[in-house]
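Only one structure is covered here, and it is reproduced in the block below.
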Amino acid sequence: MEHNDVEILPERILGMQKLEAIFKQNGYLICQSSGERIYNFDEVAAIFLPLSSSIDQAMAVHRSHAPEFLHRCLLAQF
């Protein structure tokens, strides 16, 4: 594990906690891939997209859409 990864890990935990808090408050999360509401937290895949070398954005995606969503994000980077 690189030095930067150790620093980012607490931020990712906070990102997951924020997603969970929003889920508890609203009763759902919006899938960033399909726009559909996710009512079962077990179906949420948290995707961490880098905004910079030290900051990630936590995004909620339905687990069935996660592979396609990641693929599109990777293609957009290149």
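With this note's numbering applied, the sequence shown covers 2 to 79. Glycine included, each C-beta is placed from N, C-alpha and C at the ideal position.
Exposed unless 16 or more other CB atoms sit within 10 angstroms - verdict on residue i
i          : result
residue 66 : buried
residue 4  : Note that residue 4 scores a pLDDT of 48, beneath 50, so its modelled location is shaky and nothing firm can be said.
residue 72 : exposed
From the options, residue whose alpha carbon lies closest to that of residue i
i          : options           : result
residue 21 : 51, 33, 71 and 43 : 43
residue 11 : 74, 61, 76 and 57 : 57
residue 29 : 45, 16, 18 and 17 : 45
residue 52 : 26, 40, 69 and 74 : 74
Residues bridged to residue i (per DSSP)
i          : result
residue 49 : 59
residue 30 : 39
Extent of the continuous alpha helix (DSSP H) run through residue i
i          : result
residue 69 : 67-78
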